[in-house]
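Numbering (the numbering used here), first residue to last: 79 to 421. Just so you know, even glycine gets a beta-carbon here, dropped at the ideal spot from N, CA and C.
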């Protein structure tokens with residue numbers, strides 16, 4: 079009995095000691111679980127803070143990229159406006175040159191008509207001159223004929239007196255009284271002189287008119303030559319303006335293509351989607367900082383639909399994910415009685 083009584087308290091003490099040890103182990107296990115939860119929360123906060131800082135840096139870089147692209151687009155638009163203004167100025171200059179060329183062509187045609195009229199007048203004057211020369215030659219022939227007749231009239235009395243003297247010598251007849259001096263026809267000589275003077279005056283007038291018309295013709299030819307030179311210079315200017323307009327059109331087409339490519343590039347859409355993603359991550363960080371159950375795993379955001387469908391041209395650094403949370407989750411998923419004693 080004494081042995082049983084002595085063994086009974088000893089067994090009770092050993093059982094109490096085991097129970098106390100078990101309770102201490104349970105308390106230690108609860109403390110370890112709390113520490114693990116705090117560690118997971120701290121790692122999640124540090125991970126979110128690093129991720130947010132990385133996203134903010136990337137957001138700043140994207141903002142700088144978008145601002146630079148907007149500045150380049152604005153500069154290109156100003157350049158396009160300047161080129162459009164230059165093209166309009168070239169078009170106006172071309173219109174003015176075309177009007178000037180049209181006026182010069184009309185003036186050239188008018189000058190050609192004047193030259194044709196002057197040439198016809200000159201041909202008429204030349205024909206008139208030929209007619210007058212023919213009449214003048216006829217008048218000179220008539221004048222020579224009249225001179226010969228006059229000489230014959232002047233020489234006829236002398237010949238008559240000579241014949242009479244010979245006849246007197248032959249017939250020995252008394253000399254007759256000297257004959258009267260020959261009578262010159264004053265009417266014929268006056269008419270011939272008047273006709274000759276008139277023909278000379280007409281000839282002088284025709285010569286003066288011919289000289290005047292030839293001088294006018296030479297002046298018109300010089301004017302036409304200068305007009306033709308001006309037309310050639312204007313044609314060269316028009317060709318240069320057309321070449322400049324062609325080059326300006328090529329530059330405008332190039333700028334339009336560049337603007338279309340800049341508008342179609344997904345940089346702005348990527349920027350907006352990443353900004354929305356950053357906002358979502360900030361909200362998640364605030365939700366993590368707020369009091370919540372530590373056993374809930376951190377929320378991983380889904381990528382937007384635009385980023386899934388189309389890949390951006392400029393590849394951005396992917397998010398850096400650590401396996402600390404998953405490892406902590408794996409440790410947290412273990413049963414809490416992994417070192418408990420079976421009693």
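Under the rule that 16 or more other beta-carbon atoms within 10 Å means buried, what is residue i, buried or exposed?
| i | result |
| --- | --- |
| residue 110 | exposed |
| residue 142 | exposed |
| residue 355 | buried |
| residue 320 | exposed |
| residue 279 | exposed |
| residue 359 | buried |
| residue 153 | exposed |
| residue 106 | exposed |
| residue 97 | exposed |
| residue 160 | exposed |
| residue 118 | buried |
| residue 277 | buried |
| residue 348 | buried |
| residue 122 | buried |
| residue 140 | buried |
So what's residue i in DSSP terms, helix, strand or just coil?
| i | result |
| --- | --- |
| residue 368 | coil |
| residue 87 | helix |
Hey, residue i and residue j are a contact pair by Cβ (cut 8 Å); roughly how many whole angstroms apart?
| i | j | result |
| --- | --- | --- |
| residue 199 | residue 281 | Incorrect: roughly 19 Å between the Cβ atoms, too far for contact. |
| residue 305 | residue 185 | 7 Å |
| residue 315 | residue 175 | 6 Å |
| residue 363 | residue 126 | 5 Å |
| residue 136 | residue 342 | Incorrect: roughly 23 Å between the Cβ atoms, too far for contact. |
| residue 203 | residue 303 | The pair is not a contact, with the Cβ atoms about 24 Å apart (cut-off 8 Å). |
| residue 345 | residue 147 | 6 Å |
Taking only beta-carbon atoms, is residue i less than 8 Å away from chain D?
| i | result |
| --- | --- |
| residue 214 | Among the protein chains of the structure shown there is no chain D, as only one such chain exists. |
* Contiguous beta strand (DSSP E) assignments of at least 3 residues, all confined to the segment 89-136 -> For secondary structure counted as the beta strand (DSSP E) over 3 or more consecutive residues, the segment 89-136 holds no complete run.
Quick one: complete alpha helix (DSSP H) runs, 4+ long, within the segment 309-341?
Whole alpha helix (DSSP H) segments, 4+ residues: zero.
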